[in-house]
Amino acid sequence: MRTAVVLLTRDLRLHDNPALAAACAADRAVPLYVLDPALAGLSPNRTRFLHQCLADLRGQLRAKGGDLVVRQGDPVAETIRVARETGAGTIHLAADVSGYARRRERRLREESERHRIALELHPGVTVVEPGAVRPGGGGESYRVFTPYFRSWSAAPWRGQAQTPQRVALPDGLTAGDLPGPPAGESPHACEGGETEARRRLTTWMRQDLPGYAEAHDDLPGDGTSRLSPYLRWGCLSPLALAEAARDRGADAFVRQLCWRDFYYQVTRVFPGISTDALRPGADNDWRYDDDALQHWKDGLTGVPVVDAGMRQLRDEGWMHNRARLITAAFLTKHLGIDWRLGVAWFFRWLLDGDVPNNSGNWQWTAGTGNDTRPYRRFNPIRQALRFDPDGVYVRRYVPELKGINGAAVHQPWRLPASEFRSLDYPGPLESHRDEAVWLR
Ligand code: FAD
Numbered sequence: 002m003r004t005a006v007v008l009l010t011r012d013l014r015l016h017d018n019p020a021l022a023a024a025c026a027a028d029r030a031v032p033l034y035v036l037d038p039a040l041a042g043l044s045p046n047r048t049r050f051l052h053q054c055l056a057d058l059r060g061q062l063r064a065k066g067g068d069l070v071v072r073q074g075d076p077v078a079e080t081i082r083v084a085r086e087t088g089a090g091t092i093h094l095a096a097d098v099s100g101y102a103r104r105r106e107r108r109l110r111e112e113s114e115r116h117r118i119a120l121e122l123h124p125g126v127t128v129v130e131p132g133a134v135r136p137g138g139g140g141e142s143y144r145v146f147t148p149y150f151r152s153w154s155a156a157p158w159r160g161q162a163q164t165p166q167r168v169a170l171p172d173g174l175t176a177g178d179l180p181g182p183p184a185g186e187s188p189h190a191c192e193g194g195e196t197e198a199r200r201r202l203t204t205w206m207r208q209d210l211p212g213y214a215e216a217h218d219d220l221p222g223d224g225t226s227r228l229s230p231y232l233r234w235g236c237l238s239p240l241a242l243a244e245a246a247r248d249r250g251a252d253a254f255v256r257q258l259c260w261r262d263f264y265y266q267v268t269r270v271f272p273g274i275s276t277d278a279l280r281p282g283a284d285n286d287w288r289y290d291d292d293a294l295q296h297w298k299d300g301l302t303g304v305p306v307v308d309a310g311m312r313q314l315r316d317e318g319w320m321h322n323r324a325r326l327i328t329a330a331f332l333t334k335h336l337g338i339d340w341r342l343g344v345a346w347f348f349r350w351l352l353d354g355d356v357p358n359n360s361g362n363w364q365w366t367a368g369t370g371n372d373t374r375p376y377r378r379f380n381p382i383r384q385a386l387r388f389d390p391d392g393v394y395v396r397r398y399v400p401e402l403k404g405i406n407g408a409a410v411h412q413p414w415r416l417p418a419s420e421f422r423s424l425d426y427p428g429p430l431e432s433h434r435d436e437a438v439w440l441r
């Protein structure tokens with residue numbers, strides 16, 4: 002009787018899950034999740050979402066005759082313990098790229114060798130595996146997106162893994178308690194889990210995918226998929242999603258999924274992406290202005306489109322990509338504040354927060370990363386007038402301004418002085434005043 006353990010990490014799904022499928026090919030399979038106390042405090046929003054994903058996965062595995070085995074503690078020690086308890090010959094794991102994931106993998110390899118248990122790594126976290134396509138001339142990763150996109154588009158994609166039909170747990174193994182979801186911080190965060198992900202995917206593909214290319218930058222239209230938290234936790238297979246989109250000719254959407262893969266292959270060779278500038282020498286002269294930083298975090302900069310984005314982040318644990326660009330550029334290029342402080346704030350709130358995409362995009366915006374035009378500036382007012390021309394997005398998230406009609410909402414300081422003073426809304430930040438003049 003062959004027994005296998007699959008250590009699930011951020012691949013919380015049944016469909017196209019190569020590590021789970023490989024474990025289920027044995028006579029007995031143990032789908033294991035280890036709640037790691039080292040990660041518990043990082044983000045209440047993501048911890049809540051994770052627990053919802055686990056509850057959904059447990060329900061689905063039970064419907065297939067199995068269960069989700071839950072343990073708490075060090076993932077390596079607990080995985081070895083469960084493998085030994087069940088006499089498993091193999092541990093399966095999805096390969097991942099962050100420094101934390103790589104350390105976990107290395108330790109698991111050492112420990113499984115010590116106990117003579119095989120460790121098998123599987124793809125599944127990206128569409129194309131990080132490192133599978135490489136630039137000519139011996140480079141380890143692409144630094145610029147467009148040539149990566151060309152190679153990525155031409156690369157063969159793996160076949161999708163079969164969804165397990167039945168899951169047979171070893172006899173006598175206790176599944177372990179899964180505590181109810183802890184409280185998050187964002188009142189309007191979406192709910193985690195593969196079931197919810199598939200429901201959203203079906204609706205979105207029918208309603209919004211056809212118009213994605215034209216609408217994805219439109220702030221009030223909110224026409225992007227909002228699937229990023231489900232990709233982050235692996236409730237959706239990025240490969241299955243990319244194939245479905247490609248079959249429908251949705252090239253613009255497939256291209257966005259490629260951006261996700263791009264930052265994974267950068268992180269694979271540059272694990273310090275959250276702390277060290279990708280372009281040596283690009284990182285200098287940042288300001289450390291606690292007061293300005295706090296205004297930015299609170300959505301009280303006095304620049305309405307920036308404040309709307311920052312409040313959406315707190316309210317939903319998610320922010321529209323265009324607003325992420327505007328708010329990140331405002332912090333780094335206008336206020337001149339260190340991008341790492343922005344990384345940390347986003348990482349606390351985002352349901353989709355992950356190291357490659359959060360840090361990679363912050364570095365792109367700050368000009369320390371993979372942007373081929375690192376000195377570009379985003380003028381927030383011009384961005385607002387272009388992507389929220391009637392001010393609908395701003396009024397949705399900044400109620401103090403809901404009485405101002407149309408595009409005037411983007412520059413309240415241009416209202417007659419008495420009208421502006423009657424708003425419970427700040428003028429542009431002190432340190433930003435000259436800029437505000439220039440923005441007129
Ligand atoms: P859609 O437009 O529907 O795109 C589909 C998918 O493509 C997304 O779910 C995402 O997986 C991927 N994608 C889209 N744009 C990007 C991009 N620029 N980079 C990488 N992948 C992309 N994305 C994260 O998943 N996690 C993060 O922590 C994160 N932090 C960011 C920080 C900053 C400063 C910026 C500018 C962007 C960040 N992004 C991050 C990228 C992007 O904003 C989100 O992926 C996107 O807004 C998610 O919404 P959606 O699912 O509706 O996207």
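Here the sequence shown stands for residues 2 to 441, where the numbers follow the numbering used here.
Here a beta-carbon is modelled for each residue, glycine too, at the ideal position from N, C-alpha and C.
Here the structure is a predicted model, which means the values were calculated and not measured.
In this structure, Cys259 sits away from Leu13, with a CB-CB distance that is not shorter than 9 Å. Closest in C-alpha terms to Glu186, from the list Arg374, Phe348 and His296, comes Phe348. Judged by DSSP secondary structure, Val395 falls within the alpha helix (DSSP H) whose first and last residues are Val393 to Tyr398. Where Ile81 is concerned, the enclosing alpha helix (DSSP H) starts and stops at Pro76 to Thr87. Unbroken alpha helix (DSSP H) stretches of 4 residues or longer found wholly inside the segment 129-209: 146-155 and 195-208, given in chain order.
Between the segment 289-305 and the segment 349-365 there are fewer than three inter-stretch CB-CB distances shorter than 8 Å, so the stretches are not counted as touching. Val6: not part of any alpha helix (DSSP H); member of the beta strand (DSSP E) spanning Thr4 to Leu8, first to last residue.
When C-beta atoms of the segment 200-215 are compared with those of the segment 28-40, fewer than three pairs fall below 8 Å, so the two segments do not count as touching. Looking at the DSSP output, Leu36 shares a beta bridge with Gln73. Inter-segment contact for the segment 15-24 and the segment 106-115 is absent: fewer than three beta-carbon pairs are separated by less than 8 Å.
Under the three-pair Cβ rule at 8 Å, the segment 266-283 counts as touching the segment 366-380. The alpha helix (DSSP H) runs lying completely inside the segment 209-279 and spanning 4 residues or more are 213-216, 229-233, 239-248 and 252-270, given in chain order. Per the C-alpha coordinates, the member of Arg227, Phe388, Pro124 and Asp339 positioned closest to Leu240 is Pro124.
In this structure, DSSP gives Ala26 a state outside helix and strand, which the three-state scheme calls coil. Ligand 1 approaches Gln257 closely enough that one of its heavy atoms is under 8 Å from the residue's Cβ. For Leu109, the enclosing alpha helix (DSSP H) has its first and last residue at Gly100 to Arg115. Secondary structure of Val31 (DSSP, three-state): strand. In the structure shown, His335 adopts helical secondary structure according to DSSP, grouped into three states. With contacts defined as CB atoms closer than 9 Å, Leu402 and Pro413 qualify as a contacting pair.
Residue range Pro381 to Phe388 is occupied by the alpha helix (DSSP H) that includes Ile382.
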